[in-house]
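Everything in the sequence shown is counted per the numbering used here, starting at 2 for the first residue and increasing by one.
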Amino acid sequence: MTRARTTSRTTSAKAGSVFGSRAAAAAFGAAYASPLVQGHLRTLARLESADAAEVREWQLSRMARFHRQWGRPVPYYQAHPEYLQGPLDDLPVLGKETVRGLAGSFTNPRVPARRVTTGGTGGRPLDLRISYASFFTEWAHIAHVWGRAGVRPTDPKITFRGGSLGEGFAGRPILFQPTYNHFLVSPFHLSDRTFEDLLDRLDEFRPMAVWGYPSAVTPFARWVARTGPHRALNRIRAVLLASEGAFDWQLTLFRDVFAAPVVRWYGQSEKVVFAGECPRRTGAYHVAPTYGLTEIVDGRIVGTGMTNAAMPLVRYDTEDAGTLLPPGPHDARCVCGSSFPVLTDVRGRWDQSLVYGTDDEPISTAALNFHDSSFAVFDRFQFRQERRGEVELRVAAARRPETSDLTRARRLLQERVGDRLRVSVTVVPPDTLLSIRGKGVTVDQHYRPARTQERPGMP
Ligand SMILES: [Zn+2]
Numbered sequence: 002m003t004r005a006r007t008t009s010r011t012t013s014a015k016a017g018s019v020f021g022s023r024a025a026a027a028a029f030g031a032a033y034a035s036p037l038v039q040g041h042l043r044t045l046a047r048l049e050s051a052d053a054a055e056v057r058e059w060q061l062s063r064m065a066r067f068h069r070q071w072g073r074p075v076p077y078y079q080a081h082p083e084y085l086q087g088p089l090d091d092l093p094v095l096g097k098e099t100v101r102g103l104a105g106s107f108t109n110p111r112v113p114a115r116r117v118t119t120g121g122t123g124g125r126p127l128d129l130r131i132s133y134a135s136f137f138t139e140w141a142h143i144a145h146v147w148g149r150a151g152v153r154p155t156d157p158k159i160t161f162r163g164g165s166l167g168e169g170f171a172g173r174p175i176l177f178q179p180t181y182n183h184f185l186v187s188p189f190h191l192s193d194r195t196f197e198d199l200l201d202r203l204d205e206f207r208p209m210a211v212w213g214y215p216s217a218v219t220p221f222a223r224w225v226a227r228t229g230p231h232r233a234l235n236r237i238r239a240v241l242l243a244s245e246g247a248f249d250w251q252l253t254l255f256r257d258v259f260a261a262p263v264v265r266w267y268g269q270s271e272k273v274v275f276a277g278e279c280p281r282r283t284g285a286y287h288v289a290p291t292y293g294l295t296e297i298v299d300g301r302i303v304g305t306g307m308t309n310a311a312m313p314l315v316r317y318d319t320e321d322a323g324t325l326l327p328p329g330p331h332d333a334r335c336v337c338g339s340s341f342p343v344l345t346d347v348r349g350r351w352d353q354s355l356v357y358g359t360d361d362e363p364i365s366t367a368a369l370n371f372h373d374s375s376f377a378v379f380d381r382f383q384f385r386q387e388r389r390g391e392v393e394l395r396v397a398a399a400r401r402p403e404t405s406d407l408t409r410a411r412r413l414l415q416e417r418v419g420d421r422l423r424v425s426v427t428v429v430p431p432d433t434l435l436s437i438r439g440k441g442v443t444v445d446q447h448y449r450p451a452r453t454q455e456r457p458g459m460p
C-alpha cells in the first residue's frame with residue numbers, strides 16, 4: 002500500500018474566503034502569475050537540475066537568512082538561540098506536544114497570519130499560525146509537482162473534496178468555483194445521479210485534471226469505467242490525489258480509467274516538509290529543498306520549515322515515519338533527472354481512514370476537516386462507527402467542554418456531511434481515545450459494510 006497527502010486543504014482557506022466571483026478567479030490567476038510564485042517555480046526548476054552539493058549549499062544559505070530574518074523575534078528561539086545557529090544534529094527534536102504546550106511561543110508576532118487548526122491526526126488538534134505569503138509558496142510547490150504532468154493550477158479541473166475550499170455546498174452536490182476553475186463535487190453526494198449531472202454540466206468545459214481524495218475519486222472512476230468513455234473527459238492529463246493515502250488498487254484504477262498518470266505529494270499543515278512523487282518511481286517523493294530541511298530521526302520525518310515566517314518550526318517532528326535516500330538508486334540523480342533527495346516508505350497520519358454513509362459509501366475522514374476554531378476547544382477526538390450511516394465524534398478536553406461547544410461542533414460536522422451520515426458528539430475521558438500503543442487513532446471502526454467498500458451497483 003502506498004499513501005500520499007497534500008497540504009492544499011489548509012492553504013486554500015484564504016482564497017476560499019474571497020472566492021465565488023470573477024474577481025476572485027482573476028486574483029487566483031494573478032497569484033499564480035505573481036513574481037513570488039513564478040520566482041519559486043524558476044528556483045525549483047533550476048535547483049532540480051543542479052548537482053546535489055550546489056542544492057545543499059543554496060539551502061543552508063537560504064535557511065540561515067530565513068532564520069535571521071524571521072526566527073529571532075520568536076520567543077522560544079530567544080530562550081533557545083541554538084535552534085537558529087545550527088548544526089541541528091545535537092538539538093532535541095520539537096514535538097507536537099511541545100508546540101501545543103507552549104502556545105504562542107513559536108509565533109513571530111510581527112508577521113501577519115491566519116490561524117489554522119490542524120486536522121485531528123493523532124487525535125489532538127494543534128493551533129498554528131500561517132503567514133499570508135505561505136499561500137503563494139504553497140501553491141508554487143504544488144504547481145511544480147502538477148507541472149510535471151503538464152497541469153497548471155489555473156487549468157480546468159473536476160475536484161472531489163470537502164468544503165475547506167470556501168463556502169459549503171448549501172445542499173448542491175456540484176459547485177462551479179471560478180477561483181480554482183473547477184467543478185467541485187461534494188464527497189458526500191457521490192451517486193450515479195450526481196455523476197450524470199456533472200457530465201451534463203461539463204459541456205464544453207473539458208477538464209484537464211481530476212483532483213481530490215482517493216476515496217472520493219474512486220466511485221467516480223468506477224462510474225466512468227462502467228458508463229464511459231466520455232468525450233468530455235478525453236483531455237484529462239493527470240489525477241491529482243489530495244489529503245489522504247491511496248491504495249495501490251486505486252492508483253491502478255485511476256490510471257486505467259482516465260488514461261493519465263497519478264500525481265501525489267506529501268506535506269503537512271505545519272509546513273516543514275514538502276515532497277512531490279517522482280513521475281518515474283511510484284512511492285518515491287522528491288523533497289523540495291526550497292520548502293524546508295528534511296531529516297529522519299529515529300525513523301520519523303523531522304523538518305525545519307523555511308516558508309512560514311509566522312511560525313518558523315525547527316527540527317519539528319511530523320509524527321510520520323519514512324526513509325530518506327539519495328536522489329537516485331545508484332547516482333546523485335534520479336532516473337527522472339531530479340537531484341532532490343527521496344522520501345520513501347512514508348507512513349503515518351495519512352493512512353486512509355474511512356467511515357460509511359447511509360448507502361455504505363466510503364467517506365474519507367480527511368473530508369471532515371477540523372480546520373475550524375470551534376474544534377480547538379477539544380484536546381483529542383476520534384470517530385467511532387458502529388452502524389451504517391451513523392458516526393459518533395468522541396471528544397476529550399482537560400477542561401470539560403460546554404454544552405454549546407458540543408452543539409456547535411455537531412452542527413458544523415452535520416452541515417459538512419449533509420444527509421449521508423448522522424453525526425453525534427460525545428465527551429469521553431482522554432485516555433479512552435488512546436490505542437494500545439498510546440498513540441491516538443482517528444477512526445475506531447466497528448462497522449463493516451456488506452459490500453466491502455463498494456457502492457451498491459458498482460461492478
Ligand atoms: Zn525521480
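Note that CB positions come from ideal geometry on N, CA and C, so glycine has one too.
Quick one: what's Q178 bridged to in DSSP?
The secondary-structure analysis by DSSP pairs Q178 across a beta bridge with H183.
Y257: buried (16+ other C-beta within 10 angstroms of its C-beta) or exposed?
Reading the sequence as shown, one finds Asp at residue 257 and not Tyr. D257 comes out exposed.
In the DSSP assignment, find the beta strand (DSSP E) that holds D361 and state where it starts and stops.
Unbroken run through D361: none, as it is neither H nor E.
What residues does ligand 1 have around it, judged by CB closer than 5 Å to any heavy atom, in chain order?
A Cβ closer than 5 Å to some heavy atom of ligand 1 marks a residue here, and those residues are C279, C335, C337, S339.
Is T443 helix, strand or coil by DSSP?
Correct three-state label for T443: coil.
Count the other CB atoms within 10 Å of the CB of S165; is the residue buried (16 or more) or exposed (fewer)?
Residue confidence is low: S165 scores 44 on pLDDT, short of 50, so the model does not pin down where it sits. No coordinate-derived value is stated.
Quick one: what's got a C-beta closer than 7 Å to L413's C-beta in the same chain, skipping five residues either side?
Closer than 7 Å at the Cβ level, and outside the excluded window around L413, lie D373, S375.
Can you tell which of P188, Y133, A141 has the C-alpha that lies nearest to the C-alpha of T160?
Of the listed residues, the one whose Cα sits closest to T160 is P188.
Can you list, in chain order, the residues of its chain whose CB lies under 7 Å from that of R238, leaving out five sequence neighbours each side?
Around R238: A150, G151, V152, M209, A210, A261.
Do you know offhand how far L200's Cα is from N182's?
The straight-line gap from Cα to Cα measures roughly 16 Å.
Put V264 into one of helix, strand or coil per three-state DSSP.
It is a strand residue.
DSSP three-state label for K272, please.
Three-state result, K272: coil.
Contacting residues, own chain, Cβ-Cβ under 6 Å from V273 (five flanking each side not counted):
Excluding residues up to 5 positions away in sequence, G293, G304, G306, L314, Y317 lie with their Cβ nearer than 6 Å to the Cβ of V273 in the same chain.
Could you say which of V264, C335, V263, L344 lies nearest to Y286 if we only look at CA atoms?
Of the candidates V264, C335, V263, L344, L344 places its Cα closest to the Cα of Y286.
Tell me the DSSP secondary structure of E139 in three-state form.
For E139, the secondary structure class from DSSP, reduced to helix, strand or coil, is helix.
Enumerate in chain order the residues of its own chain whose CB-to-CB distance from H41 is below 8 Å, with the five nearest sequence positions on each side excluded.
F137, T138, A141, H142, H145, T291.
Looking at L422: is its Cβ nearer than 8 Å to the Cβ of E393?
Judged by their CB atoms, L422 and E393 are not nearer to each other than the 8 Å cut-off.
Is S106 helix, strand or coil when you go by DSSP?
Note: S106 maps to coil in three-state DSSP.
Opposite H231 in the DSSP bridges: which residues?
Paired residue(s): none; H231 is not in a bridge.
First through last residue of the beta strand (DSSP E) which encompasses D318
Here the beta strand (DSSP E) through D318 covers 317-326.
Are the Cβ atoms of T119 and L103 separated by less than 8 Å?
Judged by beta-carbon spacing, L103 lies beyond the 8 Å limit of T119, meaning their Cβ atoms are not closer than that value.
Expressed to the nearest angstrom, what Euclidean distance is found between the alpha-carbon atoms of Q39 and G148?
Each residue's alpha carbon lies about 12 Å from the other.
DSSP on A333, reduced to helix/strand/coil?
Three-state result, A333: coil.
Note down the Cα distance separating E83 from L89, rounded to an integer number of angstroms.
Put simply, the backbone Cα of E83 is about 8 Å away from that of L89.
Between L85 and R73, is the Cβ-Cβ spacing less than 8 Å?
Yes.
What does the Cβ neighbour count give for S405, buried or exposed, with the cut at 16 atoms within 10 Å?
It is exposed - the Cβ of S405 has fewer than 16 other Cβ atoms within 10 Å.
Cβ-Cβ separation, V356 to V444 (assumed contact under 8 Å), whole Å
Indeed, because the Cβ distance is near 6 Å, the residues count as touching under 8 Å.
Between which two residues does the beta strand (DSSP E) holding F189 run?
It is not in any beta strand (DSSP E) - F189 carries neither H nor E in the DSSP assignment.
Consult DSSP for Y33 and reduce its assignment to one of helix, strand or coil.
Residue state, collapsed to three classes: helix.
Assumed close pair A322, S132 - CB separation to whole angstroms, cut-off 8 Å
The beta-carbon separation of A322 and S132, rounded to 28 Å, does not stay under the 8 Å limit for a contact.
Any idea what DSSP makes of D406, helix, strand or coil?
Residue state, collapsed to three classes: helix.
Nearest residue (CA-CA) to F384, options G329, G87, Q446:
For the residues G329, G87, Q446, the minimum Cα distance to F384 belongs to Q446.
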